[in-house]
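Protein chains in written order, with our numbering: chain A, 1 to 203; chain B, 1 to 203.
2 protein chains.
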Amino acid sequence: MPERQSSRKDAIRNREAVLAAADALFARHESPEDVTMADVAAAAGVGKGTLFRAFGDRAGLLRALYEGRLEPIRQAVETGPPPLGPTTPPRERVPALLDAVLCFKLDNRRLALALEEGGSSSPYRAEHYERWHSLLQAVLEEIPSVTDSGFTAHALLAATRADLVEHLAGEERIPRERMRAQLSNFVTAVLASGPLQGLTAEE
Amino acid sequence: MPERQSSRKDAIRNREAVLAAADALFARHESPEDVTMADVAAAAGVGKGTLFRAFGDRAGLLRALYEGRLEPIRQAVETGPPPLGPTTPPRERVPALLDAVLCFKLDNRRLALALEEGGSSSPYRAEHYERWHSLLQAVLEEIPSVTDSGFTAHALLAATRADLVEHLAGEERIPRERMRAQLSNFVTAVLASGPLQGLTAEE
DNA sequence: GTTCAAACGGACCTAGGGTCCGGATTCTAT
DNA sequence: ATAGAATCCGGACCCTAGGTCCGTTTGAAC
């Protein structure tokens, strides 16, 4: 599992070059499928061996790109101010989290697609999914009207899956703001199910 | 696009043999990925050429299997009695439809996985998805408290995606009935969202 | 400057989807 | 029954793309 840092400057430089090249290639092409590892290597001016040594395999490269993009949002979620940060009341934070996920996928359509769906193994085994899920589940747990926080978290996240987002944005040509509003409505509906259990709350 | 019927009995026999063999193989193996076309051909006692002539490509084979399994449910939905049939009131039919989808995917885990996720192209382009979606959307349209029936239909269907079901059943070991209950709860919550738009209804 | 571990890079390997075509099988007309 | 045409069979073959190997080069430490 090659993933450790190297101190040699050529290694570092090449790693950056590959990341940049891959980023550009995925952005440029319609489908992630037609960006091959050889393409990436060539675009980065590097041999395939170098590429694979640095990232292990295709999924490793995708993951590296993905994590890089995700970092700011992770920060905002873990230690940032409301509405994403941990001090936000649950009923408000859940929609904010899902909105953040949606926006992220809209901003990184191709990349998210490549990582989540392109891979041969289930996206549910990815650690970043696991992180989102457990966070969302924990927040949902705080909302009394929500039963089955585990399943609910899965179901809500499913509404933001990369290929669905891609379909809505690409095929159905739904504009960004509209999609955000729809998701927001949906989340609200799920959370608002209180009445069923008897507590209609304030407002 | 070879998909026309043949009248020659050897062709028909072989087609059946392939279908049966593929069915057995997909059921037997953990992941659809490790059932190759060559495996199917061998198991059916047939050459690869025969296999590809009959079904066009891998997706074609999967589709043929899938459609076969789906047929009964399609019948039940289109012309059957409640709670699946068209005479059912919307608020009751929506959960029934999603429950049917869930059960189908539970009963055909590997196959659904192979077709929906294994393929290189988006599952949202598949015609069977389109069918479920437009039906669900139409039914949701009849429920006044539901806004954005199109998106809602997508989001609800996303909760029954093959790889999620597989994850829940396989990894999290959630028993069938529990999963059905969870999905049912979730759907109910989404449909019950009336109160939010200002009309707190009766209760 | 010498040394050696580490990185380089591209030839090479492999798996699996898909194609091809000479030969076998089936249908039809007589 | 049989010739002939149409269709089908099957497995050798091709191609792509991910991943590996290893002789060569580079960089850093002394």
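Note that the Cβ used here is the ideal one computed from N, Cα and C, for glycine as well.
All figures in this text were calculated on a predicted structure; none of them were measured in a lab.
Asked: Relative to chain A, which residues along the segment 119-139 of chain B have a C-beta separation below 9 Å, given in chain order?; Found: 120, 121, 122, 123, 124, 125
Asked: Are the beta-carbon atoms of residue 193/B and residue 145/B separated by less than 8 Å?; Found: yes
Asked: Could you tell me which uninterrupted alpha helix (DSSP H) segments, each at least 4 residues in length, are contained entirely in the segment 158-197 of chain A, listed from first to last along the chain?; Found: 162-166, 176-191, 194-197
Asked: Which runs of the alpha helix (DSSP H), 4 residues or longer, sit entirely within the segment 73-130 of chain B?; Found: 90-107, 109-113
Asked: Assign residue 146/B to one of three DSSP states: helix, strand, or coil.; Found: coil
Asked: Could you give the distance in angstroms between the alpha-carbon of residue 8/A and the alpha-carbon of residue 116/B?; Found: 44 Å
Asked: Enumerate in chain order the residues of its own chain whose CB-to-CB distance from residue 184/A is below 6 Å, with the five nearest sequence positions on each side excluded.; Found: 95
Asked: Going straight from the alpha carbon of residue 92/B to that of residue 180/B, what length do you get?; Found: 15 Å
Asked: Determine, using beta carbons only, whether residue 154/B comes closer than 8 Å to chain A.; Found: yes
Asked: What number of angstroms, rounded off, separates the C-alpha of residue 239/A from the C-alpha of residue 54/A?; Found: Past the edges of chain A, shown from 1 to 203, lies residue 239/A, and the structure says nothing about it.
Asked: So which residues of chain B does residue 186/A contact, with C-beta pairs closer than 8 Å?; Found: 148, 151, 152, 155, 190
Asked: From 42/B, 123/B, 88/B, 52/B, pick the residue whose C-alpha is nearest to that of residue 171/A; which is it?; Found: 123/B
Asked: What residues of chain A sit near residue 33/B, judged by a beta carbon separation below 9 Å?; Found: 120, 121
Asked: Applying the 10 Å Cβ sphere with the 16-neighbour rule, what's the burial state of residue 17/B?; Found: buried
Asked: Thinking C-beta only, is residue 113/A closer than 8 Å to residue 160/A?; Found: no
Asked: Chain A partners of residue 159/B, CB-CB under 7 Å?; Found: 155, 158
Asked: Assign residue 5/A to one of three DSSP states: helix, strand, or coil.; Found: coil
Asked: For residue 40/A, report the span of its alpha helix (DSSP H) as first-last.; Found: 37-44
Asked: So, is the C-beta of residue 163/B closer than 8 Å to a C-beta in chain A?; Found: yes
Asked: Just to make sure I have the definition right: I need the residues of chain B whose C-beta is within less than 9 Å of the C-beta of residue 166/A. Which are they?; Found: 122, 124
Asked: Residues of chain B with CB under 7 Å from residue 182/A, in chain order?; Found: 148, 151
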